[in-house]
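Our numbering puts the first residue of the sequence shown at 1007, with every later residue one more than the last. C-beta: ideal position from N, C-alpha, C; glycine also. What you are looking at is a predicted structure, and each value in this text was computed from that prediction instead of being measured. Here is the structure we will look at.
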Amino acid sequence: MDLGTAANGSDEVTDVEGARQPGGSASMLAPLTPGDVPDLHDFLVRADLTLSGLDAAGVRLWLLRDGGGRVRGSTGFELSAAGDHALIRSVAVDREARGRGLGLELARFALDRAAAAGARHAWLFSRRSGPFWRRLGFEPADRTRLAAVLAETHQVTLFRTSGQLDREVAWSRALGRGPA
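Next comes the structure, spelled out in structure tokens:
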């Protein structure tokens, strides 16, 4: 399966080869638009992922929709103020589409896009998907360090103010190398 990112690194709509949905329609990965926010919100609620900053200018998100328009996946990231660190976020796959490698492809897409945007290091929070992220070269990390280098991101701000930061598990990896 290949998300077929554009050679120029643009945010144009991208075919997901081999990700056929019922009815034979191909899935399409596209940058989030203001009209997509309610669908992404509902999808992330079902996936039990953070909703903070979905429509913020600095948050880069993509939605994977099947030919019928149903959200099948999402992926994205936020850059640090300096642009050298990326917080990977909103990587999720619809239950019916799991088990086909789509989550790995969506995560790789976000990692590739973050690196293309100038990030040298990727971070994320995940309490329950450690084995998945290890497959992409992530290792457990210091959440205090994550919160320091990505202090202005929506997710870190939310976690700090709500007290959730102390319950989170941080992961990190360098970009530009590794199994992604």
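Asked, Found
"If you drop the 5 nearest sequence neighbours on each side, which residues of the same chain put their C-beta closer than 6 angstroms to that of Val-1099?", "Gly-1079, Leu-1108, Gly-1109"
"Do you know whose CA, among Val-1077, Leu-1142, Glu-1145, Ala-1063, lies nearest Ala-1087's CA?", "Ala-1063"
"Taking DSSP's pairing of strands, which residues face Trp-1129 in a bridge?", "Leu-1093, Ser-1178"
"Between the alpha carbons of Ala-1121 and Leu-1085, how many angstroms are there, rounded?", "10 angstroms"
"Can you tell me which of the three DSSP states Ala-1005 falls into?", "Look at the range of the chain in this structure, 1007 to 1186, and you will see that residue 1005 is not part of it."
"For Thr-1039, is the classification buried or exposed, using 16 other Cβ atoms within 10 angstroms of its Cβ as the cut-off for buried?", "exposed"
"Considering only DSSP beta bridges, list what Ala-1098 is partnered with.", "Ser-1080"
"Trp-1177 and Leu-1130: beta carbons closer than 8 angstroms?", "yes"
"Would DSSP call Ser-1168 helix, strand or coil?", "helix"
"Let's see if you can read the secondary structure: which residues bound the alpha helix (DSSP H) around Arg-1119?", "1108-1122"
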